[in-house]
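Okay, so here's the structure we're looking at.
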Amino acid sequence: GDSVTQMEGPVTLSEEAFLTINCTYTATGYPSLFWYVQYPGEGLQLLLKATKADDKGSNKGFEATYRKETTSFHLEKGSVQVSDSAVYFCALSMNTGFQKLVFGTGTRLLVSP
Amino acid sequence: NAGVTQTPKFQVLKTGQSMTLQCAQDMNHEYMSWYRQDPGMGLRLIHYSVGAGITDQGEVPNGYNVSRSTTEDFPLRLLSAAPSQTSVYFCASSDRGLGPETQYFGPGTRLLVL
Chain A
40 GDSVTQMEGP VTLSEEAFLT INCTYTATGY PSLFWYVQYP GEGLQLLLKA
90 TKADDKGSNK GFEATYRKET TSFHLEKGSV QVSDSAVYFC ALSMNTGFQK
140 LVFGTGTRLL VSP
Chain B
194 NAGVTQTPKF QVLKTGQSMT LQCAQDMNHE YMSWYRQDPG MGLRLIHYSV
244 GAGITDQGEV PNGYNVSRST TEDFPLRLLS AAPSQTSVYF CASSDRGLGP
294 ETQYFGPGTR LLVL
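Sequence order for the protein chains is A and B. For the first sequence, the positions run 40 to 152 when the working numbering is used. For the second sequence, the positions run 194 to 307 when the working numbering is used.
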């Protein structure tokens, strides 16, 4: 079945460091790809998405590019802030009918001042 | 516009008790779903609904019932709680349309079954 694999955390960085969180997927067709973020005590919020190969999603300084050849959707940010500390989930959905989200296990990011 | 709301925020149950987790959305979304979040496992789909009167099973439906009598509400029922149902439960809604929709998540219900 469809699945998402993302790097285990926690990822610990100092403020202004470069961030990469790896995400790869397995799918039978051509999924849409998402990054969701969960701040402490809150629900999930959509961070960015990409719907086809080579699309780049971006928001709040975060970026991810849909790479079909490597089945990847790595999340990057050039300079993290303490406020970016959260759990980040990579997810996919197939573009048919009800678009069930298939999530990765989540990666906790801790940013220190 | 409150988005997706869930009640209660936290609940403790004893094994065998029943309860209903409430979920409501005010965005007139057709699609609603329930996920559970467990450590090291991400979120898994329990049940979903594509409109009033229509529900279907997700990945982990056993032990849970749902109904969708209105567009706004999608309650999740635990008929006989078990410790394995200790989890954080999220309700989500999205609008049916063309292409991938953004799912909006509620704040979650933390459930502890003793």
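A virtual CB, placed ideally from N, CA and C, is assigned to each residue, including glycine.
Asked, Found
"Among B:Y241, B:C216 and B:L236, nearest to P201 of chain B - alpha-carbon criterion", "B:C216"
"Chain-ordered chain A contacts of V312 of chain B [CB-CB under 7 Å]", "Since the first residue shown for chain B is 194 and the last is 307, residue 312 of chain B is missing from the structure and cannot be characterised."
"Own chain, CB closer than 8 Å to L83 of chain A, minus 5 neighbours either side, in chain order", "Y75, V76, Q77 and F128"
"Span separating the alpha-carbon of S228 of chain B from that of F283 of chain B", "Note on identity: in this sequence residue 228 of chain B is Tyr, with Ser being the wrong assignment. Whole-angstrom Cα-Cα distance: 5 Å."
"In chain order, each beta strand (DSSP E) run of at least 3 residues that lies wholly inside the stretch 210-262 of chain B", "212-218, 224-231, 235-244, 247-250 and 257-259"
"Option nearest E102 of chain A by Cα separation, candidates A:E115, A:D41, A:P49 and A:S111", "A:E115"
"Straight-line Cα distance separating P152 of chain A from L87 of chain A", "25 Å"
"8 Å Cβ cut-off: residues of chain B touching T144 of chain A", "G233, M234 and G235"
"Proximity winner among B:M220, B:T264 and B:L214, relative to T295 of chain B (alpha-carbon distances)", "B:M220"
"F73 of chain A and V243 of chain B closer than 8 Å at C-beta", "no"
"Integer Cβ distance of V121 of chain A from D41 of chain A, believed to fall under 8 Å", "Incorrect: roughly 35 Å between the Cβ atoms, too far for contact."
"Test: K139 of chain A CB closer than 8 Å to a CB of chain B", "yes"
"Sequence-distant residues of its chain with Cβ nearer than 7 Å to G68 of chain A (five each side left out)", "M133"
"heavy atom of the ligand SAH below 7 Å from A130 of chain A C-beta", "No copy of the ligand SAH occurs in the structure displayed, which carries no ligand at all."
"Option in A:K99, A:T104, A:D123 and A:V119 with minimal Cα separation from N61 of chain A", "A:T104"
"Per-residue contacts from F283 of chain B into chain A (C-beta, under 8 Å)", "G82 and L83"
"Where the beta strand (DSSP E) through G96 of chain A begins and ends", "K95 to N98"
"C-alpha gap between S260 of chain B and S286 of chain B, whole angstroms", "15 Å"
"With 16 other Cβ atoms within 10 Å as the buried cut-off, status of I247 of chain B", "exposed"
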